[in-house]
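Participant: The structure under discussion is supplied below as structure tokens; questions concerning it will follow.
2 protein chains.
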Amino acid sequence: MSKQEFVVLGQDDAEGCCPALLTAPLDEGRAETLAKVFKALGDPVRLRLLSMIASRAGGEVCVCDLTPAFDLSQPTISHHLKLLKQAGLIDSERRGTWVYYRLLPQMTDRLAAILTRPAGQPLTETAPAGAAS
Amino acid sequence: MSKQEFVVLGQDDAEGCCPALLTAPLDEGRAETLAKVFKALGDPVRLRLLSMIASRAGGEVCVCDLTPAFDLSQPTISHHLKLLKQAGLIDSERRGTWVYYRLLPQMTDRLAAILTRPAGQPLTETAPAGAAS
DNA sequence: AGCTTGAATCGACAGACATCAATGCAAACT
DNA sequence: AGTTTGCATTGATGTCTGTCGATTCAAGCT
Numbered sequence: 027m028s029k030q031e032f033v034v035l036g037q038d039d040a041e042g043c044c045p046a047l048l049t050a051p052l053d054e055g056r057a058e059t060l061a062k063v064f065k066a067l068g069d070p071v072r073l074r075l076l077s078m079i080a081s082r083a084g085g086e087v088c089v090c091d092l093t094p095a096f097d098l099s100q101p102t103i104s105h106h107l108k109l110l111k112q113a114g115l116i117d118s119e120r121r122g123t124w125v126y127y128r129l130l131p132q133m134t135d136r137l138a139a140i141l142t143r144p145a146g147q148p149l150t151e152t153a154p155a156g157a158a159s
Numbered sequence: 027m028s029k030q031e032f033v034v035l036g037q038d039d040a041e042g043c044c045p046a047l048l049t050a051p052l053d054e055g056r057a058e059t060l061a062k063v064f065k066a067l068g069d070p071v072r073l074r075l076l077s078m079i080a081s082r083a084g085g086e087v088c089v090c091d092l093t094p095a096f097d098l099s100q101p102t103i104s105h106h107l108k109l110l111k112q113a114g115l116i117d118s119e120r121r122g123t124w125v126y127y128r129l130l131p132q133m134t135d136r137l138a139a140i141l142t143r144p145a146g147q148p149l150t151e152t153a154p155a156g157a158a159s
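Protein chains in written order, with the numbering used here: chain G, 27 to 159; chain W, 27 to 159.
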């Protein structure tokens with residue numbers, strides 16, 4: 027049933043920091059793994075689902091609260107939730123009749139770190155030519 | 027030629043901060059816009075391209091340096107670069123015979139901010155039940 | 001002008017993906 | 001046991017997307 031993907035994302039540099047995206051060329055394997063996560067985020071329905079789950083006070087949402095928020099069939103919502111789960115972004119738990127989803131902050135934290143360039147990066151920085159200041 | 031997408035991403039909250047993803051439900055319009063950017067990142071080839079461009083000292087890479095790094099045809103690489111550009115992640119400039127690509131750090135910065143939860147967020151935090159403390 | 005090289009565009013095609021209706025499964029309730 | 005409600009799975013279908021070969025465009029040669 028395919029281990030969670032973020033375990034692989036955990037392969038850090040020698041420094042024990044974040045897998046470099048903006049500071050060193052990504053190798054093929056990590057690119058493949060990372061792409062799966064970003065692909066999971068690359069759909070408006072899944073983004074809204076993730077947002078609804080993450081922003082919920084208590085950290086949990088029942089599927090029964092998610093489904094009616096969309097003009098989509100229940101199987102479709104279930105499918106999107108499955109993809110988010112396989113990407114390691116959320117997890118689910120059944121309690122009685124209902125199933126609750128919650129955010130796995132480790133993954134979003136890791137993505138944020140990956141997209142953050144180290145301070146004082148010697149890039150050309152923002153304004154090469156005609157950017158309206 | 028479709029304006030850069032990140033302009034829309036710039037629609038901030040009243041507080042003038044980042045478009046909330048983890049703290050408030052994303053509306054349909056922003057979800058659509060954000061999804062396009064994440065979709066651009068949702069391919070291993072494009073991730074590697076972005077990584078190669080971003081990590082290059084000088085901040086620029088010639089296409090002629092990118093193409094031979096892949097087992098893909100030149101039109102395919104050109105296609106992926108186009109998608110990254112349309113997503114507002116990179117920009118290009120022609121100098122003589124060659125075309126140079128460079129990172130647009132505003133976009134990755136914004137994504138990082140979007141994926142970062144505000145400090146002290148009242149989430150259940152990582153260990154709701156049986157996680158090894 | 002003609003040629004050569006670097007890069008983008010076009011047209012085609014196979015595989016992936018979002019969506020749905022129908023069905024299956026799990027838990028609670030009568 | 002039978003029924004109902006909540007969610008997942010299956011199978012089918014139309015659309016999107018990654019890839020290529022062929023072509024075109026742009027710039028610098030000879």
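Note that the Cβ used here is the ideal one computed from N, Cα and C, for glycine as well.
Looking only at its own chain, which residues have a Cβ that is under 8 Å from the Cβ of W:LEU98, when we skip the five neighbours before and after it?
Facilitator: Stepping through the second sequence from its first residue, residue 98 of chain W is reached at position 72. Around W:LEU98: VAL71.
Participant: Report the CB separation of W:LEU141 from W:TYR127 in whole angstroms; it is logged as a contact under 8 Å.
Facilitator: Locating residue 141 of chain W in the second sequence gives position 115, where the first residue counts as 1. Locating residue 127 of chain W in the second sequence gives position 101, where the first residue counts as 1. Wrong, their Cβ atoms sit about 24 Å apart, outside the cutoff.
Participant: How about G:SER99: is its C-beta nearer than 7 Å to some C-beta of chain W?
Facilitator: The residue given as residue 99 of chain G occupies position 73 in the first sequence. No, no contact with chain W.
Participant: Using a 10 Å radius around the Cβ and a threshold of 16 neighbouring Cβ atoms, would you call G:SER81 buried or exposed?
Facilitator: Taking the first residue of the first sequence as position 1, residue 81 of chain G is located at position 55. By the 10 Å Cβ count, G:SER81 comes out buried.
Participant: Using a Cβ-Cβ cutoff of less than 8 Å, which residues in the same chain neighbour W:LEU130 once the five nearest sequence positions on both sides are dropped?
Facilitator: Along the second sequence, one-based indexing puts residue 130 of chain W at 104. If we look at W:LEU130 and ignore the five residues flanking it on each side, its Cβ neighbours are PHE32, GLY114, LEU115, ILE116, ASP117.
Participant: Per the DSSP calculation, G:VAL87 is bridged to which residue(s)?
Facilitator: The residue you call residue 87 of chain G lines up with position 61 of the first sequence. In DSSP, G:VAL87 forms a bridge with G:TYR127.
Participant: With a 10 Å radius around its C-beta and 16 neighbouring C-beta atoms as the bar for buried, classify W:THR59 as buried or exposed.
Facilitator: The residue labelled residue 59 of chain W in the question sits at position 33 within the second sequence. W:THR59 is buried by the Cβ-count criterion.
Participant: Which of helix, strand or coil does DSSP assign to G:SER118?
Facilitator: Translated into positions along the first sequence, residue 118 of chain G becomes position 92. It is a strand residue.
Participant: Compare the C-beta of G:PRO70 with all C-beta atoms of chain W and state if any pair is closer than 7 Å.
Facilitator: The residue you call residue 70 of chain G lines up with position 44 of the first sequence. Yes, its Cβ sits closer than 7 Å to a Cβ of chain W.
Participant: Looking at W:ARG56 and G:ALA57, is the spacing between their C-beta atoms short of 7 Å?
Facilitator: Within the first sequence, numbered from 1, the residue matching residue 57 of chain G stands at position 31. Within the second sequence, numbered from 1, the residue matching residue 56 of chain W stands at position 30. In this structure, W:ARG56 does not lie closer than 7 Å to G:ALA57 by Cβ.
Participant: Do W:SER104 and G:LEU52 have their C-beta atoms closer together than 7 Å?
Facilitator: Residue numbering aside, residue 104 of chain W sits at position 78 when the second sequence is read from its first letter. Residue numbering aside, residue 52 of chain G sits at position 26 when the first sequence is read from its first letter. Cβ atoms of W:SER104 and G:LEU52: not closer than 7 Å.
Participant: Less than 7 Å between CB atoms is the rule here; does W:ALA50 satisfy it with respect to chain G?
Facilitator: Within the second sequence, the letter at position 24 stands for residue 50 of chain W. Chain G, which has a Cβ nearer than 7 Å to the Cβ of W:ALA50, makes this yes.
Participant: Comparing the C-beta of G:LYS108 with each C-beta of chain W, is any distance below 7 Å?
Facilitator: Residue numbering aside, residue 108 of chain G sits at position 82 when the first sequence is read from its first letter. It does not; no Cβ of chain W falls within 7 Å.
Participant: Going by DSSP in three states, G:THR134 sits in which element: helix, strand or coil?
Facilitator: Walking along the first sequence from the start, residue 134 of chain G turns up at place 108. Correct three-state label for G:THR134: helix.
Participant: With H, G and I counted as helix, E and B as strand and the rest as coil, what does DSSP make of W:ARG74?
Facilitator: Here residue 74 of chain W refers to the residue found at position 48 of the second sequence. It is helical.
Participant: Rounded to whole angstroms, how far is the Cβ of W:PHE64 from the Cβ of G:LEU67, which I believe are closer than 8 Å?
Facilitator: As a working mapping, residue 64 of chain W is identified with position 38 in the second sequence. As a working mapping, residue 67 of chain G is identified with position 41 in the first sequence. Confirmed, Cβ separation roughly 4 Å.
Participant: Whose CA, out of G:PRO45, G:ASP135, G:LEU47, G:ALA95, lies closest to the CA of W:GLU54?
Facilitator: Walking along the second sequence from the start, residue 54 of chain W turns up at place 28. W:GLU54 has its Cα closest to that of G:ALA95, out of G:PRO45, G:ASP135, G:LEU47, G:ALA95.
Participant: In the structure shown, what three-state DSSP assignment does G:LEU48 receive?
Facilitator: As a working mapping, residue 48 of chain G is identified with position 22 in the first sequence. Residue state, collapsed to three classes: coil.
Participant: Quick check on DSSP: helix, strand or coil for W:SER81?
Facilitator: Sequence index remark: in the second sequence, residue 81 of chain W carries index 55 (1-based). W:SER81: helix per DSSP, three-state reduction.
Participant: Between the alpha carbons of G:GLN100 and G:TRP124, how many angstroms are there, rounded?
Facilitator: In the first sequence, residue 100 of chain G corresponds to position 74, counting from 1. In the first sequence, residue 124 of chain G corresponds to position 98, counting from 1. Rounded to whole angstroms, G:GLN100 to G:TRP124 spans 14 Å at the Cα level.
Participant: Given a cut-off of 7 Å on the beta-carbon distance, is the pair G:ALA50 and W:ASP69 in contact?
Facilitator: Looking up residue 50 of chain G in the first sequence gives position 24. Looking up residue 69 of chain W in the second sequence gives position 43. No, they are not a contact pair.
Participant: By the 10 Å Cβ neighbour count, where 16 or more other Cβ atoms means buried, how is G:THR102 classified, buried or exposed?
Facilitator: As a first step, residue 102 of chain G is located in the first sequence; it is residue number 76 there, counting from the start. Exposed: under 16 other Cβ atoms inside 10 Å.
Participant: Work out the CA separation of W:VAL87 and G:ARG121 for me, nearest whole Å.
Facilitator: Within the first sequence, numbered from 1, the residue matching residue 121 of chain G stands at position 95. Within the second sequence, numbered from 1, the residue matching residue 87 of chain W stands at position 61. G:ARG121 and W:VAL87: Cα-Cα distance of roughly 53 Å.
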